[in-house]
Every structure is written in C-alpha cells, then in structure tokens.
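S.K.: With my numbering applied, the sequence shown covers 7 to 582.
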Amino acid sequence: MRKVNYDRFPSTKISGTILQGWDDIHVLLAECLEVKVVLLVEFYAGVNEEEVMNELELLSPTLLINTRDLMKSEEEIKVMTERFMTDDILFGYVTNLTLSDYFDVEKLEAARKQMAAAAGKVIVAGAGAAMLASADATLVYVDMARWEIQQRFRAHKVKALGVDNRADAVSLQYKRGYFNDWRILDKYKEGLFYQVDFWLDTHIADKPKLIDKETFFNGIEETVKTPFRVVPFFDPAPWGGQWMKEVCGLNPEKENYGWCFDCVPEENSLYLEVNGIRFELPSVDLVLLKSKELLGEPVEARFGKDFPIRFDFLDTVGGGNLSLQVHPTTQFIRENFGMYYTQDESYYLLDAKEGASVYLGLKTGINKREMIHDLREAQKGKQFFDAEKYVNKLPAQKHDHYLIPGGTIHCSGSEALVLEISSTPNLFTFKLWDWQRLGLDGQPRPINVERGKCVIDWQRNTEYVNEHLANHFIQVGDGDGWREERTGLHPNEFIETRRHWFSKSVTHHTGGSVNVLNLVEGEEAIIESPTNAFKPFIVHYAETFIIPASVGEYTIAPYGKSLGLECGTIKAYVRF
7 MRKVNYDRFP STKISGTILQ GWDDIHVLLA ECLEVKVVLL VEFYAGVNEE
57 EVMNELELLS PTLLINTRDL MKSEEEIKVM TERFMTDDIL FGYVTNLTLS
107 DYFDVEKLEA ARKQMAAAAG KVIVAGAGAA MLASADATLV YVDMARWEIQ
157 QRFRAHKVKA LGVDNRADAV SLQYKRGYFN DWRILDKYKE GLFYQVDFWL
207 DTHIADKPKL IDKETFFNGI EETVKTPFRV VPFFDPAPWG GQWMKEVCGL
257 NPEKENYGWC FDCVPEENSL YLEVNGIRFE LPSVDLVLLK SKELLGEPVE
307 ARFGKDFPIR FDFLDTVGGG NLSLQVHPTT QFIRENFGMY YTQDESYYLL
357 DAKEGASVYL GLKTGINKRE MIHDLREAQK GKQFFDAEKY VNKLPAQKHD
407 HYLIPGGTIH CSGSEALVLE ISSTPNLFTF KLWDWQRLGL DGQPRPINVE
457 RGKCVIDWQR NTEYVNEHLA NHFIQVGDGD GWREERTGLH PNEFIETRRH
507 WFSKSVTHHT GGSVNVLNLV EGEEAIIESP TNAFKPFIVH YAETFIIPAS
557 VGEYTIAPYG KSLGLECGTI KAYVRF
C-alpha cells in the first residue's frame, strides 16, 4: 500500500475578513441595515432558500420580499422555457433568455413601491434581488458550485429558477440547470461582480461563511497569478472501480468510485483558505472574471468565457466496462443543441491492471446496417450486443494514449484508470450499449442509438485506429534530464498534448494558452517561476493542476520522495 499524498482539498491561501456561523453573520448584516436600510441577498440556483430566508427573518425587517413572488407564474415560465427544455429526457437546447424575462413587470413595480413606502428596514432575497434596488443598498451574493447543486438535485431538495421541480427526475433537473438556469444566472452574476459587498458560502448546511468584497477579489487575483487546482469531486458509477479509493484516500466503505472530476471549472469548486478557514465558491467565477489572464487572449477570443479543456478520471479497476458510446460531431451539436464545439477527447492510461482494454473504432469490413439492427434489438432487450464483433478491442497498458475525436465509437474496458482529456462540453455522450446493467438509481440508463447512428464516422475502422488514434508518440525535444513527446491529439481536435519525462528541472511555457497538467508518474513535483512571480507550488501523483496563460514561463522538477527519480507529466493546451 502506497502512502496517500493526493490533496483532496486544494486551496488558495490568503488573509482577509471571514465570518463563520449565522450568529456572527446576523450581527454584520444588522449593522449593514443600520447604515443602508435596504439589504439585497442574491441567490444562485441550488441555494437552500428556506435556510437562508429563515435566517433573514431573524433580522426583523419591516419588509421582506422573496423574488420568487415577483416572477411570472410557473406555467408561464414552463411555456417560456419549453423550447430549451425540449421533450428529451437528457438533451435540451442552449437558452437565449435573460433573468429579466422571468419577472412580471407589474409585480416588480408594485414591489418597488412597497419598498419606497416602507418605514424601516427592507430585505429583498432571491435571484434577481438587485433588480429592485438603488445604489443605496448592501448586496450579498449566495453562490453555489454546480457539483453541490447536483447533489441537491439527487436529494430532491432545491427548486429551479422560477419553478418548483423538486419532484422531477434528476436528469430533468440537471437538464434545466445545464441548458437554462445556470447560463442565465452566470450571465446575470457577471454583471454584479463589482457591486457585491459580501459573498456567502452555504455549501454546508447550517455552517455558513461570509467574506467581504476585498477578500473575494484578493482570492481571485492570487489564484490567477499562480498554478492552482480546483476542488476534485468524486462520484460513484455503475461501472465504478477501486483504484481511487487507495490512491486518493477515499472512503473504503463506499461500493465504488467511477468518476473524479478534477478539472471541470464550470462545475468544480474553488477553495479560498482565508486565515486558515476554507471558503467555497464556484471556480467558474474565476473564469468569468479573469478569462483573458486565465485562458490567454487568443483562447478567450476563440472560446469566450468557456474553459475549453477538461480532465477527469474514469476508474474501472475492479469494476466494469463503460458504456459503448459516441460523441457528436460539431455540426450535429450546433444544429441540435445550440453549442459551438463538441466533446472531442482522449484516454490517457494513468494505470492499467492485467486484462485492461480500450474499445476504439469499428472493425474493418463490418456491415453497418447489421450493427445498427443489433444495437436496436439490444436496446429493446431482445439480445446481448456483441461489441467485439463490431468494435476494435485493444489491450491497454499504463501510459498508453488513445485519441477519440467526435464520431468515434469507444469506451474503456475494465481494469483501467483513464485520465480523460477532452474539450469541455460534458453532457453530450450518446450511449449505444450499456452491457444490460442498471444505473445507480436502479433504472436503465438512457440509450441513444438513433442519435448515435447519425454521428458515427464509419471510416474510423481498424486501419484508421492503428494509423491515427492508438499510441502515436513522437519525441519532439530533449535536454539534460528530460525529454518531451507529442502524444496528440487528433488533427480534428483543438487540444494539443505533450508528455514530459524528467529527472531534473524542465522548462515549460504557456505559449498564450492555459495549460492543464497531471503528474502521471512520480510522487511529487514542484512548479516554480524563474522570476519568482509566484510561490513554489507542490503537486502530487495523479493531481491535475492549472497554469494560467499569464504565468508564461515556468519549470517543473522532481520534489521530495521523487528527487533523483524520473517523473512524468501530461500537458494539454489549445493549439492555434
């Protein structure tokens, strides 16, 4: 058994103002109401509204307004959002609505008159609270990371924007968030960043924390100047394995862990450690506020405020095969879902046990009509789909790298720890076959043969896989104690990946793009600035870390127990 050194709680350490617990927060908010008689409390989706509203009532305001009461009726909102929600169980269409579309104009005007007539302290709470205020008000923002929101979806505890959908299937709650609510609220929040006086963290029930504007921006500025990690999120899966329990120090009593989302800034959290106390906020706030410094100007010009590179783990060690799947082409995702790039990806084998394999591409000479027929029959439960009749099954070894541009049939077999390197859109997987198993909820997982057949590239056959997709390593540089290899990705993909093997310090440069790396070999490494622009940053085996584009030149060297040994990193960046 190796000693666990994986850090599950990475943070940016700063000094500043932080309060813990409702009692101290009440005192501060009461003081604010003495200075400015209006208190605005903005909610992101997924906030436990009842908890926060109950605490605000204890401040004894003359008038307490819940912005839900000022919105259009639920029926009107459902009709308004119907074209974005669609009738599909998983997939919708990206919204073009704004938060103001949710409000009833007459109700808003009546609320403003109530506020003007109130002879005392006024509190407005909920999404859109700032719409009712003048500059003479205190603004508090209750933010929420999407992975926590999804846990609350599973518990059926939180309402959607303007709609009480707690009884809906989790997939439908997620769909409304992904295609509609989160996009609306991120756009709205982006316009509020510099107006917010205090940020409230309610990720842990009944244990709130509050920081002020100066502390918030100090944390953002410090994070974007240095290598950093977002907070990894671990989740079970129907095919989940046992590898991450040991390497990442997870709960051994859990049946399995299938996923680790350790670089999905749109969904992960970011910890600011303020005076030794962790404050949690969505890492997407950093992307929205510092896109140019973080992503690099050319990347921002191409992707806007989307973080385009995603790293996650798929653990099938002691588990099962992933679902046989395909990701859509760019044209399909644009026409059907309103997104402008697709989920191209690759599988890097961080570890592989005996019998590990990867299913990749179609066998040469198969009959595609026969394959689709068999997939349809399997979907109906009439037969077991013989994947190996149609799909290449490749034996996999540690440090293999398989490229998976959109349209390529693929999945990881069992006994592998896959570091999945992909472009960010993370919902668009068309499952073709799931090995006759149920999801964690005891229900069959949705299969998308009809969509899948529209995007399968039938030219990605055995010869194509061998020539273009499987383990194409080219050495592109070397020096004293290091060598660099190009490992992909496919020409159709915008992500470039480079692997470095090093026993001494090796110099990197961001090259105008955000760099995302993982320490794929070695216990520890140290990232340093040649000009001392940031403090030395230590990473451990299997940790994913982000280098903002603005960092420029940096070095990575073995550290601690890895001194004198050969380490390895895999690096991804946007190629121009």
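Glycine included, each C-beta is placed from N, C-alpha and C at the ideal position.
Provide the residue(s) that pair with His506 in DSSP beta bridges, ordered along the chain.
M.R.: DSSP, once it has assigned bridges, lists Glu490, Thr575 as partnering His506.
S.K.: Can you check the segment 224-258 for any alpha helix (DSSP H) of at least 4 residues that lies completely inside it and give the ranges in chain order?
M.R.: Those alpha helix (DSSP H) runs which fall completely within the segment 224-258 and span 4+ residues are 249-254.
S.K.: To the nearest angstrom, how far is the alpha carbon of Ala123 from that of Leu69?
M.R.: Going from the Cα of Ala123 to the Cα of Leu69 covers about 10 Å.
S.K.: Do you know offhand how far Lys163's Cα is from Asn54's?
M.R.: Near 8 Å, if we compare the C-alpha coordinates of Asn54 and Lys163.
S.K.: Am I right that Val461 and Thr335 are in contact with their C-beta atoms under 8 Å? What's the rounded C-beta distance?
M.R.: Yes, they are in contact, since the Cβ atoms of Val461 and Thr335 sit about 5 Å apart, within 8 Å.
S.K.: Note down the Cα distance separating Asp312 from Glu306, rounded to an integer number of angstroms.
M.R.: Distance between the alpha carbons of Asp312 and Glu306: 8 Å.
S.K.: If we ignore side chains and look at the alpha-carbon of each, how far apart do Lys399 and Ser363 end up?
M.R.: Roughly 7 Å separates the two Cα atoms.
S.K.: Determine the burial state of Ile20: buried for a count of at least 16 other Cβ atoms within 10 Å of its Cβ, exposed for fewer.
M.R.: It is buried - the Cβ of Ile20 has at least 16 other Cβ atoms within 10 Å.
S.K.: Shortest alpha-carbon distance to Asn477 belongs to which of Glu469, Leu409, Asn498?
M.R.: Checked all of Glu469, Leu409, Asn498; the closest Cα to Asn477 is Leu409.
S.K.: DSSP puts Cys460 in a beta bridge; with which residues?
M.R.: None; Cys460 has no bridge partner.
S.K.: Using the beta-carbon count (16 or more within 10 Å), is Val323 buried or exposed?
M.R.: Buried, since its Cβ has 16 or more Cβ neighbours within 10 Å.
S.K.: From Gly528 to Thr550, what does the alpha carbon distance come to, in whole angstroms?
M.R.: The straight-line gap from Cα to Cα measures roughly 13 Å.
S.K.: Sorted by chain position, which residues of the same chain lie with C-beta nearer than 7 Å to Cys417's C-beta, five sequence neighbours on each side aside?
M.R.: Contacts found: Asn327, Leu328, Ser329, Leu330, Gln331, Tyr365.
S.K.: Taking one C-beta from the segment 315-322 and one from the segment 422-442 each time, how about it: are there three or more such pairs within less than 8 Å?
M.R.: Judged by Cβ distances under 8 Å, the segment 315-322 makes contact with the segment 422-442, as three or more pairs qualify.
S.K.: If we call anything under 7 Å between Cβ atoms a contact, is Gly438 one with Leu381?
M.R.: Note that residue 438 is Leu in the sequence shown here, rather than Gly. Yes.
S.K.: For Ala531, count the other beta carbons within 10 Å of its own beta carbon; 16 or more makes it buried, fewer makes it exposed. Which is it?
M.R.: Buried, by the Cβ-count rule.
S.K.: Could I get the ranges of all uninterrupted alpha helix (DSSP H) runs contained in the segment 363-441, with 4 residues as the minimum, in chain order?
M.R.: Correct list: 374-385, 393-396.
S.K.: Along the chain, where does the beta strand (DSSP E) that runs through Phe49 open and close?
M.R.: Residues 44-49.
S.K.: Check the DSSP bridge columns for Val275 and list the partner residues they point to.
M.R.: Reading off the sequence shown, one finds Ser at residue 275, where the question assumed Val. Its beta-bridge partners are Val237, Pro288.
S.K.: Are Gly168 and Met77 closer than 7 Å when you measure CB to CB?
M.R.: Contact flag set, yes.
S.K.: From the DSSP output, in three-state form, read off Thr221 for me.
M.R.: If DSSP states are grouped into helix, strand and coil, Thr221 belongs with the helices.
S.K.: Just the Cα atoms here: how many angstroms apart are Val471 and Gln465?
M.R.: Each residue's alpha carbon lies about 10 Å from the other.
S.K.: Can you look up Pro536 in the DSSP assignment and give me helix, strand or coil?
M.R.: Pro536 falls in the coil class under three-state DSSP.
S.K.: Compute the Euclidean distance between the alpha carbons of Glu499 and Asp350, then round it to the nearest angstrom.
M.R.: About 6 Å.
S.K.: Taking 6 Å as the limit between beta carbons, can you name the residues of its chain near Ile453, skipping five residues before and five after?
M.R.: These residues qualify, in order along the chain: Gln385, Lys437.
S.K.: Should the segment 368-378 be regarded as contacting the segment 297-306, the criterion being three or more beta carbon pairs within less than 8 Å?
M.R.: Taking 8 Å as the limit for Cβ pairs, the verdict is that the segment 297-306 does not touch the segment 368-378.
S.K.: When the Cα of Lys231 is compared with those of Ile552, Ile576, Ala548, which residue comes out closest?
M.R.: Out of Ile552, Ile576, Ala548, Ile552 has the C-alpha closest to the C-alpha of Lys231.
S.K.: Name the two residues that bound the continuous beta strand (DSSP E) containing Thr561.
M.R.: Looking at the DSSP string, the run of the beta strand (DSSP E) that includes Thr561 is 559-564.
S.K.: Which term fits Phe473, buried or exposed, when burial requires 16 or more other beta carbons within 10 angstroms of its beta carbon?
M.R.: At residue 473 the sequence reads Glu, which differs from the Phe that was named. Glu473 should be labelled exposed.
S.K.: Which residues in the same chain have their Cβ closer than 6 Å to the Cβ of Ile71, if we skip the five residues on either side of it in sequence?
M.R.: The residues are Ala117, Val130.
S.K.: In angstroms with no decimal places, state the Cα-to-Cα distance between Val520 and Thr575.
M.R.: About 15 Å.
S.K.: Determine the contact status of Lys215 and Phe267, defining contact as a CB-CB distance below 7 Å.
M.R.: No; because the gap between Cβ atoms is not below 7 Å, this pair is not in contact.
S.K.: Say whether the segment 144-155 touches the segment 268-285, bearing in mind that this needs 3 or more beta-carbon pairs closer than 8 Å, one atom from each stretch.
M.R.: At 8 Å Cβ cutoff, the stretches touch.
S.K.: Look at Gly361 and Glu421 and say whether their C-beta atoms are less than 7 Å apart.
M.R.: Closer than 7 Å, so yes.
S.K.: Among the candidates Ile95, Met377, Ala135, whose CA atom is the shortest distance from the CA of Ser106?
M.R.: Of Ile95, Met377, Ala135, the residue nearest in Cα terms is Ala135.
S.K.: What residue range is occupied by the uninterrupted alpha helix (DSSP H) comprising His32?
M.R.: His32 -> alpha helix (DSSP H) spans 28-41.
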